[in-house]
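Have a look at the structure below, then the notes.
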Amino acid sequence: MDNRYRRWAGIVILAMVSVGCGSDEPRVYFVQPQDGETLTSPVEVVFGSDNVEIGAVPDEVDQPRPDVVHYHLGYNAECLPPGTVIPQADPWIHFGDGGNEIEVAMEPGVHRLSVQAGDDEHRTLEGLCETIEITIEPEG
Ligand SMILES: [Cu+2]
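Residue numbering for the sequence shown follows this note's numbering, starting at 669 and increasing by one per position.
The following block contains the structure:
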């Protein structure tokens with residue numbers, strides 16, 4: 669293999685790796701339900717994440733860990749601005765144990781669900797939120 673070929677091979681491999689891995693931006697999202705889906709109640713909600721560590725909130729927090737977050741579900745709520753402490757109250761549910769699933773009973777109609785990450789102090793972070801809209805059909 670001459671050097672010229674070797675250099676090209678290196679460039680091609682680099683290009684393939686960067687396309688294959690996609691973005692390394694941290695994000696949180698709904699695994700289910702999917703945006704725009706029509707379902708019946710109760711709804712199994714599952715969160716997913718990329719490039720960010722999900723963990724339980726420690727019993728005592730001196731300093732929030734910079735790179736560990738937990739999920740929050742906003743039921744008929746929009747993403748809060750970065751730097752906001754997520755209220756420990758409706759319409760927010762905290763997953764302080766590091767969990768990523770919940771079953772939610774919902775009235776028929778259109779609902780907006782937000783999944784938003786918060787640090788150990790439940791403070792929102794830039795970019796780590798997604799909102800979807802689903803429709804619940806009456807049963808039967
Ligand atoms: Cu929280």
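In this text, a Cβ means the ideal position worked out from N, Cα and C, and glycines have one as well.
Please say whether residue j and residue i have beta carbons closer to each other than 8 angstroms?
i, j, result
"residue 801", "residue 772", "no"
"residue 754", "residue 786", "yes"
Straight-line CA distance for residue i to residue j?
i, j, result
"residue 781", "residue 744", "6 angstroms"
"residue 794", "residue 748", "10 angstroms"
"residue 808", "residue 784", "33 angstroms"
"residue 737", "residue 761", "14 angstroms"
"residue 765", "residue 739", "9 angstroms"
"residue 732", "residue 707", "37 angstroms"
"residue 763", "residue 756", "11 angstroms"
"residue 746", "residue 799", "7 angstroms"
"residue 759", "residue 742", "6 angstroms"
"residue 767", "residue 718", "15 angstroms"
Which same chain residues, not among the five before or five after residue i, have their C-beta less than 7 angstroms away from its C-beta?
i, result
"residue 704", "801"
For residue i, collect the residues of the same chain with a Cβ closer than 8 angstroms to its Cβ; drop the 5 residues on either side in sequence, then sort them by chain order.
i, result
"residue 775", "709 and 804"
"residue 769", "712, 713, 714 and 715"
"residue 752", "791 and 792"
If you drop the 5 nearest sequence neighbours on each side, which residues of the same chain put their C-beta closer than 6 angstroms to that of residue i?
i, result
"residue 716", "697 and 699"
"residue 693", "none"
Buried or exposed for residue i, please, with buried defined as at least 16 other CB atoms from any protein chain shown within 10 angstroms of its CB.
i, result
"residue 788", "buried"
"residue 726", "exposed"
Would you list the one or two residues that DSSP bridges to residue i?
i, result
"residue 718", "695"
"residue 781", "743 and 800"
"residue 700", "714"
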